[in-house]
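Novice: Numbering-wise (UniProt numbering), the sequence shown opens with residue 1 and increments by one.
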Amino acid sequence: MKKKVAFVCVHNSCRSQMAEGLAKKLGSDVLEAYSAGTENYPEVKPLAVQVMEEEGVDMGGYYPKLLSDIPKEVDILITMGCNVACPYVPCRYREDWGIEDPSGGPIEDYRKTRNIVKEKVMDLIQRVKSKQI
């Protein structure tokens, strides 16, 4: 049975979207991935979409979602790096990845963030497969 994982940050416009896309691509056999933010935002950052395309992840149809748009309870909650207060979502397991938001920076910052997110998503998939989570 797949584990429901939610990747959450403030705007759901970059880091959490990257994590959702990578989890769907790399871990669809063990994860049911969602992402959301705590505040409204108009779009997924174009540079985030661009660097994900470089990884073979099409985020063309992705849009920022709020916590109310994802399941009310998940197995795993991953916060991407809380600016003020981490959101509360009922879950069985929770961790904060503390990833810096590349928004406003050059594309190289987005690539660096994508690579960090990819490494963490692959580690999460391995931990789920080995029943550590």
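Glycine included, every Cβ here is placed at the ideal spot set by N, Cα and C.
Remember, predicted model here, so these are calculated numbers, not experimental data.
Which residue wins for smallest C-alpha separation from Lys45, given the options Asn115, Gly104, Glu108?
Specialist: Nearest C-alpha to Lys45: Gly104.
Novice: With 16 other CB atoms within 10 Å as the buried threshold, where does Arg15 fall?
Specialist: By the 10 Å Cβ count, Arg15 comes out buried.
Novice: Taking 8 angstroms as the threshold, find out whether the region 108-120 comes into contact with the region 12-31 through three or more Cβ pairs.
Specialist: The answer is yes - the region 12-31 touches the region 108-120, with three or more Cβ pairs under 8 angstroms.
Novice: Looking at Leu26 and residue 136, is the spacing between their C-beta atoms short of 8 angstroms?
Specialist: Nothing about residue 136 can be reported from this structure: the residues present for the chain run from 1 to 133 only.
Novice: Quick check on the burial criterion: 16 or more other C-beta atoms within 10 angstroms. Buried or exposed for Tyr62?
Specialist: Tyr62 should be labelled buried.
Novice: May I ask you to verify whether the region 90-99 touches the region 73-82, counting CB pairs closer than 8 angstroms and requiring at least 3?
Specialist: Short answer: they touch.
Novice: Could you check the C-alpha separation between Met122 and Val8 for me, to the nearest Å?
Specialist: So the alpha carbons of these two residues sit roughly 17 angstroms apart.
Novice: With Ile76 and Val5 assumed to form a contact (beta carbons below 8 angstroms), what rounded beta-carbon distance in angstroms separates them?
Specialist: The pair is a contact, with the Cβ atoms about 4 angstroms apart (cut-off 8 angstroms).
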